[in-house]
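I have placed the structure first, in the form of structure tokens, so that the comments after it can refer back to it.
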Amino acid sequence: MADETRSAFERVGWLRALAAQPFEFDFHQALRRVETTFRHLPRWGEAAKPRDEPLRIGQDPSFDFSPAAVRGFTLPTEDRAARLTIGFLGLFGPQGPLPLHFTEYARDRIRQAGDHTFAAFVDLFHHRMLAMFHRAWSHSRAAVSHDRPEADRFRTYVGAAFGLGLPAQQGVGAVPDRALLYFGGLFSMASRPPDGLRAALSGYFGHPIEVKEFVGEWLVLHADDRFRLGHSPQVSSLGRSTVLGQRVFSRSHKFRIVMGPLGEADFVRFLPGAPGLASLSALVTAYAGPQLAWDLELIPAADAVTQLELGRGGRLGLTAMLGAGRKRGLQANVIVDPLTNSTERTLR
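Per this note's numbering, the very first residue in the sequence shown carries number 536; after that it's consecutive.
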């Protein structure tokens, strides 16, 4: 592990820049970049052993007022780990909590006897304290937390607002969790207006989207719900509590998503069995829930449906037509039912 870490320090160019010009770096910036460089190691403040941390944080005993948060950086050697020297929040110096004679003692031992024992002992507290300080700083910043997506705290915070907070709920749908989190503001609303669904779908797929409400459909009544003479004691008036026939027309439970115009590749992507339709269904279900019915109307571009020819692939009635060359003015949209994977063509 030590050899791997040392070789990584030698390969990364910005670490050499940190050693040459440490004053150009902020403390949190330096530790964050180290953390993203050594992704195989635990995050700052979470390591169980010192060897699991890429460098040591310490302070040189001095009476100077430091002009920068980072005063120096030394690359690792065969017998010493890399060291980041800080100029703030240390125990030594005029701004530290220790009496000044401790700073004087540690500095004199280093200068006169080459003895780093006391300073190294105090650096044990420096390292742990400043590592935890950086950990607390990063916990409140979403961008820093996302440096390692597998341990992103804010993904849990945002996902908990719309049912994506538990590990068992993550990574199980046809849509990546990152896309759902991106539209987390829409999915976490108490009401689900059609404009929110349109914004989510158009933002994810990049195509023009329209949501039509109150789409009519014939509903087949269950046998127990049909009116039968002698078997329906609670009868009021026709059209209110009594229905003649086996079905009823309703506009209160269904909406339609209109997408397009689409090129041939995008048009095929949303046909039954294609991955685009599965992703669309997952997004719509996550937003509107399973209680409403819906279908998809695809509007092909003028060149998306071509004439069916020998030796050229095509799906008759969907991406190819017989005699399309003679009837170029005839265009038809395709309505897809995601529940049954059935299609219906409607002229426009």
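We treat Cβ as the ideally placed atom computed from N, Cα and C, and that holds for glycine. Keep in mind it's a predicted model, so treat the numbers as computed, not measured.
Span of the alpha helix (DSSP H), counted from its first residue to its last, around residue i
i, result
"Met667", "652 to 674"
"Glu639", "635 to 648"
"Phe784", "Not the alpha helix (DSSP H): Phe784 falls in the beta strand (DSSP E), residues 782 to 785."
"Ala867", "From DSSP, Ala867 is part of no alpha helix (DSSP H) but of the beta strand (DSSP E) over 867 to 872."
"Val569", "562 to 572"
"Leu752", "It should be pointed out that residue 752 corresponds to Glu in this sequence rather than to Leu. No alpha helix (DSSP H) holds Glu752; the beta strand (DSSP E) holding it covers 752 to 755."
"Ser680", "677 to 680"
"Pro807", "Segment: none, Pro807 is in no alpha helix (DSSP H) and carries neither H nor E."
"Phe722", "719 to 722"
"Asp730", "729 to 740"
"Trp549", "548 to 555"
Residue i - partner residues in DSSP beta bridges
i, result
"Ser601", "In DSSP, Ser601 forms no bridge with anything."
"Ile834", "In the DSSP output, where bridge partners are listed per residue, Ile834 has none listed."
"Leu827", "According to DSSP, Leu827 bridges with nothing at all."
"Lys789", "Ala828"
"Phe608", "Leu619"
"Ser877", "Asp872"
"Glu745", "Val793"
"Gly593", "Thr620"
"Leu882", "Ala867"
"Thr691", "Thr691 pairs with nothing; no bridge assigned."
"Thr820", "DSSP, once it has assigned bridges, lists no residue as partnering Thr820."
Supposed close pair residue i, residue j - CB separation, criterion 8 Å
i, j, result
"Ala696", "Gly731", "Actually they do not touch by this definition, with Cβ atoms about 14 Å apart."
"Ala603", "Gly622", "6 Å"
"Leu716", "Val693", "5 Å"
"Phe805", "Val871", "7 Å"
"Pro810", "Pro835", "Going by Cβ atoms, the distance from Pro810 to Pro835 rounds to 19 Å, so no, they are not a contact pair."
"Ile592", "Leu619", "5 Å"
"His651", "Leu566", "With 8 Å as the limit, His651 and Leu566 do not qualify as a contact, their Cβ atoms being about 23 Å apart."
Cα-Cα separation, residue i to residue j
i, j, result
"Phe762", "Glu752", "20 Å"
"Val547", "Val657", "29 Å"
"Ala823", "Gly700", "19 Å"
"Met667", "Leu831", "52 Å"
"Trp829", "Ala817", "12 Å"
"Ala709", "Pro728", "23 Å"
"Glu879", "Ser787", "22 Å"
"Phe740", "Leu812", "11 Å"
"Asp682", "Ser675", "13 Å"
"Pro884", "Pro611", "Since the first residue of the chain shown is 536 and the last is 883, residue 884 is not available in this structure."
"Arg574", "Asn868", "50 Å"
"Met664", "Ala654", "15 Å"
"Ser737", "Gln826", "22 Å"
"Glu570", "Pro711", "25 Å"
"Leu576", "Phe560", "22 Å"
"Ser533", "Glu581", "With the chain running from 536 to 883 in the structure shown, residue 533 is simply not present."
"Arg782", "Arg713", "42 Å"
"Ala677", "Thr691", "11 Å"
"Ser597", "Thr638", "7 Å"
"Leu659", "Asp595", "13 Å"
"Ile744", "Leu815", "12 Å"
"Leu833", "Asp801", "10 Å"
"Gln647", "Ala552", "31 Å"
"Phe749", "Gly706", "33 Å"
"Gln630", "Ala821", "54 Å"
"Arg578", "Ala554", "22 Å"
"Arg642", "Ser601", "16 Å"
"Ala859", "Asp760", "Residue confidence is low: Ala859 scores 49 on pLDDT, short of 50, so the model does not pin down where it sits. Its coordinate-derived value is still stated next. About 47 Å."
"Ser785", "Glu799", "34 Å"
Residue i burial status per 10 Å Cβ neighbour count (16 or more: buried)
i, result
"His636", "exposed"
"Ser673", "buried"
"Met724", "exposed"
"Phe562", "buried"
"Phe722", "buried"
"Leu779", "exposed"
"Ser726", "exposed"
"Thr875", "exposed"
"Pro873", "buried"
"His661", "buried"
"Arg861", "The predicted model places Arg861 with a pLDDT of 43, which falls under 50 and marks its position as unreliable; any figure quoted below should be read in that light. Counting Cβ neighbours within 10 Å, Arg861 comes out exposed, since fewer than 16 surround it."
"Pro557", "buried"
"Val819", "buried"
"Glu613", "exposed"
"Gly698", "exposed"
"Gly628", "buried"
"Val755", "exposed"
"Pro589", "buried"
C-beta neighbour in chain D for residue i, strict 8 Å
i, result
"Phe562", "No chain D is present in this structure, which holds just one protein chain."
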